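Reminder that position 145 of the sequence shown reads as 142 in the working numbering, one-by-one numbering, no gaps. Where a beta carbon is used, it is the ideal one built from N, C-alpha and C, also for glycine. If you're wondering where the values come from, they're calculated on a predicted model, not measured in any experiment. Accompanying notes for the structure given below.
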Amino acid sequence: AGGEAGVQIWDVNTGVAVSSPGRVFGAVRGVAFSPGAHHLAVCNTAAKVSLWDRRTGEAHTLKGSPIAEGPLVFSPDGELLAAGGSPWTSSGGTVARLVKPVASRDMGCAVRLWNTATRAQRFQYESSQGGVLRLAFLPDGAFLVAGN
């Protein structure tokens, strides 16, 4: 679970909190486990996407353009991470430009795609067609679908 206080992980069978990344991500807008649960992706309100390796405890902010409020999804093989949302973020009612100007915050749409091994951004898409609300990979990982 992610929220204003960061990230917490629970055992769904017992309801007991089992771990926390031990890293301050800030207020969290999106979280996703990779297949096999080796990685946890976190998108915070500072428009940064981080990848936490649960085996080593290391967390890395992914390089590339900022993205805010994103849904996060891993490809079926776990080799890719996609984030969607807006190239803008809001804080306390004000709108701050992060990437490039668009007509309004509600009109901005952005998708980012990273390689989880290298943490390099592989793809960036921006449009004025409205914010990305959902992301999904085809089961074979050949296509990524963004809904707005």
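Checklist entry - With Gly61 and Gly81 assumed to form a contact (beta carbons below 8 Å), what rounded beta-carbon distance in angstroms separates them? => result Between Gly81 and Gly61 the Cβ distance is about 14 Å, and since that is not below 8 Å, they are no contact.
Next on the checklist: With DSSP as the reference, identify every bridge partner of Gly27, one or two as the case may be.
Outcome noted: Cys40
Item to check | Alpha carbon of Val4 to alpha carbon of Ala56, nearest angstrom | outcome: 13 Å
Next on the checklist: Judging by CA-CA distance, which residue of Ala114, Asp50 and Ala143 is the nearest neighbour of Gln121?
Outcome noted: Ala143
Checklist entry - If you drop the 5 nearest sequence neighbours on each side, which residues of the same chain put their C-beta closer than 6 Å to that of Ser31? => result Here the set comprises Phe71 and Gly75.
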